[in-house]
Amino acid sequence: MSVPDYMQCAEDHQTLLVVVQPVGIVPEENFFQIYKRISSVNQINVRDSQRVLYIRYRHHYPPENNEWGDFQTHRKVVGLITITDCCSAMDWPQTFEKFHLQKEIYGSTLYDSRLFVFGLQGEIAEQSRTDVAFYPSYDDCETVEKRIEDFIESLFIVLESKRLDRATDKSGDKIPLLCVPFEKKDFVGLDTDSRHYKKRCQGRMRKHVGDLCLQAGMLQDSLVHYHMAVELLRSVNDFLWLGAALEGLCSASVIYHYPGGTGGKAGARRAQGSSLPSEAGNRHRPGAQEVLIDPGALTSNGINADTSAEIGRAKNCLSPEDIIDKYKEAISYYSKYKNAGVIELEACVKAVRVLAIQKRSMEASELLQGAVYINLRQLSEEEKIQRYSILSELYERIGFHRKSAFFKRIAAMQCVAPSIPEPGWRACYKLLLETLPGYSLSLDPKDFSKGTHRGWAAVQMRLLHELVYASRRMGNPALSVRHLSFLLQTMLDFLSDQEKKDVTQSLENYTSKCPGTMELITLPDGLKLPPVPFTKLPIQWQATTMIRVFLFELFFIDFQWVQGDVCEVQLMVYNPMPFELRVENMGLLTAGVEFESLPAALSLPAESGLYPVTLVGVPQTTGQITINGYHTSVFGVFSDCLLDNLPGLKTNGCTVEVIPALPRLQISTSLPRSAHTLQPSSGDEISTNVSVQLYNGETQQLVIKLENIGTEPLEKLEVTAKTLSTKEKLYGDFLSWKLEDTLAQFPLKPGNIATFIVNIKVKLDFSCQENLLQDLDDGISVSGLPLSSPFRQIGKPRVESKPINPPESGKAGDFSHVKTLEAILNFKYSGGPGHVEGYYRDLSLGLHVEVEPSVFFTRVSTLPATSTRQCHLLLDVFNSTEHELTISARNNEDLVLHAGECQR
């Protein structure tokens with residue numbers, strides 16, 4: 001036997017083999033339509049008996065395997081069903097002749113046969129025949145199943161006849177020696193009258209009768225025959241047939257212990273009626289079901305039809321543990337024969353299926369490992385594929401998932417071996433997909449964002465490359481792009497710099513012909529491949545949201561967007577690739593409100609640090625808008641990157657309220673921008689900062705131009721000022737304005753400008769500095785700043801006064817201590833539909849004022865009073881500015897002081 005049946009299982013030993021084949025040219029679809037209906041009748045209850053007959057159907061069976069039918073009867077083709085098309089009576093004789101030629105192939109073993117003819121009508125079709133059934137069409141054949149049942153009953157009649165014939169006592173008749181094909185030449189010239197030869201014949205026949213009993217549904221009888229065959233064959237060292245007897249004993253025991261079957265097929269097999277119901281409670285117990293065989297009960301030819309009297313010394317049904325031991329023993333006997341490689345391999349497969357049910361994975365693995373190295377004839381590529389596939393399936397059943405994937409991958413590679421004229425890339429691709437679970441690989445990118453990486457990345461990358469290549473050879477570039485995108489997204493951390501370049505170059509080549517999309521790809525077998533968004537190209541780190549020039553943290557501050565205004569979301573991204581990364585068509589993904597996204601393009605340097613990217617868009621209507629993520633185009637692959645798939649964020653979206661349209665105000669001032677940025681404690685954002693330098697007591701106008709750059713009229717304006725905390729004491733109003741003059745220009749239409757004037761007046765106290773002038777001799781205090789000038793020498797210094805270091809202040813202005821004032825002007829304004837709904841905008845202007853002192857009183861003295869009604873106070877006044885000053889006093893003349901001049 002040269003062709004192994006890798007689907008064999010222990011319960012197949014009780015089945016009758018029926019071959020279903022077409023005769024002539026029959027459409028494949030029609031053939032398998034009828035084949036499916038025929039194979040559905042796979043077991044029937046025998047009339048007037050509790051026995052069940054099981055049928056195994058095959059649509060292809062090698063004739064050379066049929067020659068081993070005496071060795072194991074379940075390998076013998078006992079039934080033939082042929083299907084043919086015949087449309088005219090003229091073709092009928094030729095069709096019937098083909099049917100007879102088909103029967104001759106298996107003629108030596110056939111019990112019965114049937115011919116199903118479709119399409120023939122008329123006189124011939126009306127004839128009543130048992131071996132031929134006529135049907136008008138493939139859809140009009142309701143009695144197919146009934147015909148099959150009748151056919152199976154005819155097979156049973158022949159089977160039962162043969163069983164009784166072989167088991168009946170025929171004293172004086174010689175028992176024929178059953179042989180396998182390669183043994184026939186070895187027995188030529190042997191002494192057929194020797195005791196050794198007779199025992200060999202008896203043992204083989206006893207084993208053969210055991211097979212027939214098992215097929216006939218007589219489990220108890222088959223067990224007895226197998227036990228007796230084992231004893232006989234062991235005594236004459238007939239190892240090949242001893243292995244077959246042991247395997248038969250194992251099969252019968254497996255059928256008894258596991259009525260649901262070991263083949264993993266859907267639906268449990270029905271337990272047969274003769275399976276020892278009285279001892280059913282003793283199943284799975286070691287040593288259970290013992291019967292003893294009385295050697296005296298054997299007739300001269302070693303066969304006795306009445307097995308009920310055979311009660312003696314041998315065990316009947318094997319325990320689950322003994323089943324495996326006997327299987328291993330049988331396999332060891334098979335291994336002695338080079339020509340029994342197929343039998344040995346199939347026995348290993350059957351034993352592994354039993355071990356899988358017993359959950360004895362390690363023993364099953366050892367048997368499978370041995371099966372891998374069983375030497376068979378030169379196998380065809382198709383047979384190699386089948387062999388590796390079944391090894392994969394068996395490893396999967398015992399829980400060796402990675403080993404299963406290993407053999408399935410070998411089967412996939414065998415589909416496209418160089419020796420195959422037409423490589424099966426579709427079959428290769430399908431098998432490669434089936435290996436994914438064994439290598440802890442999923443085609444859903446979401447499974448790779450859940451913690452640590454599982455599996456061997458190097459093996460996974462190789463498998464993904466093979467999927468890419470197979471899909472390309474299949475002529476499906478979209479699949480190639482999807483798998484290559486998946487490889488780049490999920491295996492990025494494991495790719496070397498050179499591998500990153502190679503993969504991206506290949507991806508760009510593929511996408512130049514078939515761009516990557518976010519569409520779900522459905523394969524012919526129903527498997528769905530989810531889209532692969534490039535959330536790592538670039539890698540997103542954090543996100544913030546902008547409204548005009550206001551910056552807010554994306555998910556922690558309450559804010560609103562305005563209909564018709566440009567709104568912004570800022571992402572911090574970086575490029576993990578060792579080369580420049582171009583990102584195109586980058587924009588926001590939103591839902592809930594009509595939103596016009598304005599895509600951006602950027603180029604990130606190789607392995608860049610954090611890089612800010614601003615995405616903008618305009619909400620067109622009001623309501624609730626949800627920011628779900630962003631979209632990009634990288635290497636020709638379009639990606640929708642949702643926030644809930646980004647590792648840098650702990651949210652699945654941000655909902656923002658879009659309010660009705662409001663005017664937009666832009667301010668410009670007569671003062672220069674300030675280098676000082678105000679940091680108010682309230683957290684208010686300041687759009688513009690301006691600064692000015694004033695002398696103490698000076699007043700200056702701040703002219704502010706208010707331009708409406710929006711699309712709605714400006715109807716309402718409120719202005720408030722807030723002086724930031726300062727230690728300086730202010731005299732009078734620091735900031736003052738007349739809002740009525742500005743409101744008179746309202747409503748301010750889009751594009752128009754209104755003027756708003758603010759008066760800045762600074763009055764500060766520059767006394768009480770750290771280095772005050774010392775008190776005068778008369779005890780009157782002097783206030784001001786320390787001076788280092790000739791004028792300082794006018795006053796008589798006190799003896800205890802501290803020395804002054806002249807070189808440290810050589811200029812007149814160096815003594816000036818500049819003081820700072822800061823304030824915020826807040827503009828609260830509204831208009832248009834937003835004003836109707838009660839919404840408004842805030843705009844703030846920061847004001848930074850540096851105040852320098854103008855005059856100092858360097859010395860204070862008094863003159864003796866000439867009247868009791870008045871006294872005279874003398875002041876030495878010093879001009880600390882660089883400008884000429886005029887000092888006015890009530891009822892006195894104006895005093896003019898030049899820069900740096902001091903007068904009394």
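In this text, residue positions in the sequence shown follow full-length UniProt numbering: the first is 1, and each later residue adds one. Even for Gly, the Cβ is constructed at its ideal location relative to N, Cα and C. Keep in mind it's a predicted model, so treat the numbers as computed, not measured.
(1) Can you tell me whether DSSP reads Ser485 as helix, strand or coil?
(2) May I ask you to list the residues that DSSP assigns as paired with Pro612?
(3) May I have a chain-ordered list of the beta strand (DSSP E) segments no shorter than 3 residues that lie completely inside the segment 65-114?
(4) Between which two residues does the alpha helix (DSSP H) containing Gln358 stretch?
(5) Going by beta-carbon coordinates alone, are Leu240 and Lys350 separated by less than 9 Å?
(6) What is the C-beta distance between Met586 and Leu615, in whole angstroms, given that I count them as a contact (C-beta under 8 Å)?
(7) Should Ile175 be listed as close to the ligand FMN, given that the test is whether its C-beta is under 8 Å from any heavy atom?
(8) Hey, could you find the ends of the alpha helix (DSSP H) Phe756 is sitting in?
(9) Does DSSP put Leu249 in a helix, a strand or coil?
(10) Using 8 Å as the Cβ pair cut-off and three pairs as the minimum, do the segment 412-430 and the segment 443-451 touch?
(11) Between Leu529 and the rest of its own chain, which residues show a CB-CB distance below 6 Å, the 5 nearest in sequence each way excluded?
(12) Would you list, in sequence order, the uninterrupted beta strand (DSSP E) runs of no fewer than 3 residues that lie entirely inside the segment 818-843?
(13) Within 10 angstroms of the Cβ of Leu527, are there 16 or more other Cβ atoms? Answer buried if so, exposed if not.
(14) Out of curiosity, what's the CA-to-CA distance linking Val719 and Gly834?
(15) With which residues is Gln540 paired in a DSSP beta bridge?
(16) Does DSSP put Ser674 in a helix, a strand or coil?
(17) Here's a check: name, in chain order, each residue in its chain whose Cβ is nearer than 6 Å to the Cβ of Phe116, leaving out the five neighbours to either side.
(18) Considering only the alpha carbon of each residue, which of Gln215, Val354, Ser844 lies closest to Phe156?
(19) Between the beta-carbon of Ile704 and the beta-carbon of Val758, is there less than 9 Å?
(20) Please state if the CB of Leu441 and the CB of Gln460 are separated by a distance shorter than 9 Å.
(21) Would you mind stating whether Gly438 and Glu396 have Cβ atoms separated by less than 9 Å?
(22) Where does Val3 sit, in a helix, a strand or coil, going by DSSP?
(23) What are the boundary residues of the alpha helix (DSSP H) that includes Met228?
(24) Report the rounded CA-to-CA distance for Leu875 versus Val818, giving the unit in angstroms.
(25) Could you tell me which of Gly653, Tyr510, Glu382, Glu712 sits nearest to Cys415, measuring between CA atoms?
(26) Could you tell me the alpha carbon to alpha carbon distance between Ala470 and Glu363, rounded to whole angstroms?
(27) Can you name, in chain order, every residue of its own chain whose Cβ lies under 7 Å from the Cβ of Arg582, other than the five neighbours on each side?
(28) Are the Cβ atoms of Leu610 and Gly629 separated by less than 9 Å?
(29) Taking the beta strand (DSSP E) that Thr723 belongs to, which residues open and close that run?
(30) Phe756: buried (16+ other C-beta within 10 angstroms of its C-beta) or exposed?
(31) Among Thr742, Tyr731, Gly341, Phe746, which one has its Cα closest to the Cα of Val762?
(32) Only counting the same chain, and skipping five residues up and downstream in sequence, which positions put a Cβ closer than 6 Å to that of Arg204?
(33) So Leu665 and Leu714 are supposed to be a Cβ contact under 8 Å. How far apart are they, rounded?
(34) Helix, strand or coil for Val855, going by three-state DSSP, please let me know.
(35) Does the Cβ of Thr192 have 16 or more other Cβ atoms within 10 Å, making it buried, or fewer, making it exposed?
(36) Can you tell me the Cα-Cα spacing of Ala297 and Met228, whole angstroms?
Once the coordinates are examined:
(1) Ser485 falls in the helix class under three-state DSSP.
(2) Residue pairing from DSSP places Pro612 in a beta bridge opposite Met572.
(3) 77-85
(4) From DSSP, Gln358 is part of no alpha helix (DSSP H); its letter is neither H nor E.
(5) no
(6) 6 Å
(7) The model depicted lacks the ligand FMN and carries no ligand whatsoever.
(8) Per DSSP, Phe756 belongs to no alpha helix (DSSP H); it is in the beta strand (DSSP E), 753-761.
(9) When secondary structure is reduced to three states using DSSP, Leu249 falls in the helix class.
(10) no
(11) Leu443, Arg482, Ile521
(12) 819-830
(13) Classification of Leu527: exposed, given that the 10 Å Cβ count is below 16.
(14) 19 Å
(15) Val573
(16) coil
(17) Ile83, Ala133
(18) Gln215
(19) yes
(20) yes
(21) Between Gly438 and Glu396, the gap from beta carbon to beta carbon is short of 9 Å.
(22) coil
(23) Where Met228 is concerned, the enclosing alpha helix (DSSP H) stretches over 219-235.
(24) Answer to the nearest angstrom: the Cα atoms are 23 Å apart.
(25) Glu382
(26) 36 Å
(27) Ser603
(28) no
(29) 716-723
(30) buried
(31) Tyr731
(32) Leu178, Trp241
(33) Their Cβ separation, rounded to whole angstroms, is 7 Å, which keeps Leu665 and Leu714 in contact under 8 Å.
(34) If DSSP states are grouped into helix, strand and coil, Val855 belongs with the strands.
(35) So Thr192 ends up on the exposed side.
(36) Because the pLDDT at Ala297 is just 36, under 50, the model does not fix this residue reliably, and the point stays unresolved.
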